[in-house]
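J.:
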């Protein structure tokens with residue numbers, strides 16, 4: 005069978021023939037809202053087959069491309085989506101807003117029972133035409149978050165899956181402004197997906213994960229959420245950040261974070277996974293800056309555990325005396341396949357484990373620093389270390405680091421250990437040095 009005669013190809017061609025114009029008319033009629041006035045076109049008047057009662061477009065709610073402020077129309081569009089669940093399609097071009105989003109704390113969204121059926125709000129799938137094609141732009145002078153995804157919070161959230169947002173956002177860009185807050189603010193959500201998004205120029209963090217409440221009666225779950233293909237550029241604080249109160253469960257894959265002022269990723273992780281993530285030029289020139297920073301929670305009842313990092317590239321983050329990657333607290337962190345480039349880092353160490361001396365129970369325990377590579381600066385070696393194990397690190401295993409710039413360097417010259425019961429890849433105790441190293 006040739007491609008030209010393939011029924012699947014024919015069906016795809018037919019579906020593509022249905023223009024946004026025709027679908028908008030049918031969707032407006034099915035949803036019971038006023039149809040947008042559109043020029044007649046017999047070629048675009050094809051009949052749309054299928055149930056469109058859960059398909060929405062901003063144009064159904066007063067969105068006009070030429071308007072200076074689309075906030076009201078967009079939030080009406082989002083409210084309709086939240087009430088029923090379904091699929092929302094963003095137009096190409098600029099969407100100019102103050103602050104918008106899928107906020108189930110809205111009084112117009114009824115609170116669900118504490119637990120049991122239906123296990124959360126109906127899912128919303130929100131899709132644009134592509135990064136750089138569909139562009140949500142925050143209006144200059146706006147002071148809120150550009151885009152919010154939030155389930156019910158505080159005493160309205162309940163103990164289970166109910167009252168939590170379930171969303172999929174994909175294929176669009178978000179542009180912040182210096183006066184604004186976070187590019188994407190997320191809180192009280194489960195089983196959500198953030199796919200092929202771009203966030204640029206946020207006034208605070210590019211992407212914030214918040215979980216302010218964790219009690220027996222109410223838990224703002226941040227659980228089983230996946231970030232895939234995200235790009236964050238020029239955030240005024242961290243690229244990806246959390247509120248640090250309770251632990252965050254997230255999977256981040258194939259993501260790039262560039263030139264964020266405070267650092268790349270800061271997270272209090274629980275069962276979090278980071279795979280093939282690139283962090284470049286974040287916290288650069290700042291000793292306190294980090295490419296990646298794992299932190300303990302302020303609520304000790306919420307455990308930090310089992311962070312897994314695989315295939316992380318770090319380049320030019322932090323500064324002399326700082327660390328491109330720091331494990332600051334928690335149990336069971338694993339780092340494998342890292343690639344640390346020192347260009348632009350001004351002498352920052354590669355990886356620090358338990359180096360912040362937070363005290364009490366906020367230690368880094370049972371960490372594994374597996375095989376990885378660090379291209380160390382020749383003029384700063386050996387004062388610049390590949391791995392530093394600090395006094396707040398307990399039961400750490402550090403495998404030998406690949407050093408292309410000096411493959412003959414001994415283990416003890418690039419790994420400084422001031423921790424408790426640190427071993428190498430053969431299980432041999434690592435020589436202890438005085439802190440600070």
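Numbering (my numbering), first residue to last: 5 to 441.
Here a beta-carbon is modelled for each residue, glycine too, at the ideal position from N, C-alpha and C.
For residue 168, is the classification buried or exposed, using 16 other Cβ atoms within 10 angstroms of its Cβ as the cut-off for buried?
T.: Buried is the call here.
J.: Whose C-beta lies closer than 6 Å to the C-beta of residue 3 among residues of the same chain, with five residues either side of it excluded?
T.: There is simply no residue 3 to check, as the chain begins at 5 and stops at 441 in what is shown.
J.: Whose CA, out of 74, 353, 311 and 354, lies closest to the CA of residue 372?
T.: It is 311 whose Cα lies nearest to the Cα of residue 372.
J.: Could you give the uninterrupted runs of the alpha helix (DSSP H) lying entirely in the stretch 166-250, keeping only those of 4 residues or more?
T.: Runs found: none.
J.: Is the distance from the Cβ of residue 192 to the Cβ of residue 224 below 9 Å?
T.: Contact flag set, yes.
J.: How close, in whole Å, do the beta carbons of residue 210 and residue 244 come, if the pair is a contact with beta carbons under 8 Å?
T.: Yes, they are in contact, since the Cβ atoms of residue 210 and residue 244 sit about 7 Å apart, within 8 Å.
J.: In terms of residue numbering, what span does the alpha helix (DSSP H) encompassing residue 75 cover?
T.: From DSSP, the alpha helix (DSSP H) with residue 75 extends over 75-88.
J.: So for residue 328, helix, strand or coil by DSSP?
T.: Here residue 328 sits in strand by DSSP.
J.: Could you check what DSSP says for residue 388 in three-state terms: helix, strand or coil?
T.: Residue 388 falls in the coil class under three-state DSSP.
J.: Using the Cα positions of residue 203 and residue 240, report the straight-line distance between them to the nearest angstrom.
T.: If I take the Cα positions, the gap works out to 12 Å.
J.: Go to residue 418, then tell me how far its alpha helix (DSSP H) extends in each direction, as first and last residue.
T.: Looking at the DSSP string, the run of the alpha helix (DSSP H) that includes residue 418 is 415-418.
J.: Roughly how many whole angstroms lie between the Cα atoms of residue 3 and residue 173?
T.: The shown model of the chain, from 5 to 441, leaves out residue 3, and the question about it has no answer.
J.: To the nearest angstrom, report how far apart residue 329 and residue 296 are at their CA atoms.
T.: Residue 329 and residue 296: Cα-Cα distance of roughly 5 Å.
J.: Counting along the chain, where does the beta strand (DSSP E) carrying residue 378 start and finish?
T.: Unbroken beta strand (DSSP E) run through residue 378: 376-379.
J.: Suppose the cutoff is 7 Å on Cβ atoms and the five residues either side in sequence are ignored; what does the same chain contact list for residue 159 look like?
T.: 222, listed in sequence order.
J.: So residue 260 is in the beta strand (DSSP E); what residue range does that whole segment cover?
T.: It spans 254-262 - the beta strand (DSSP E) in which residue 260 sits, taken as one unbroken run.
J.: What residues are listed by DSSP as bridge partners for residue 406?
T.: Residue 406 pairs with 377.
J.: Quick check on the burial criterion: 16 or more other C-beta atoms within 10 angstroms. Buried or exposed for residue 411?
T.: Exposed: under 16 other Cβ atoms inside 10 Å.
J.: Would you call the stretch 420-430 and the stretch 387-394 in contact, with 3 or more CB pairs under 8 Å?
T.: In short, these stretches touch, since the Cβ pair count reaches three.
J.: If you drop the 5 nearest sequence neighbours on each side, which residues of the same chain put their C-beta closer than 6 Å to that of residue 400?
T.: Excluding sequence neighbours, residue 400 sits near 357, 371, 393, 423 and 426.
J.: Among 171, 104, 136 and 316, whose alpha-carbon lies nearest the alpha-carbon of residue 125?
T.: Comparing Cα-Cα distances from residue 125 to each of 171, 104, 136 and 316, the minimum goes to 171.
J.: Just to confirm, is the Cβ distance from residue 253 to residue 238 under 9 Å?
T.: Contact flag unset, no.
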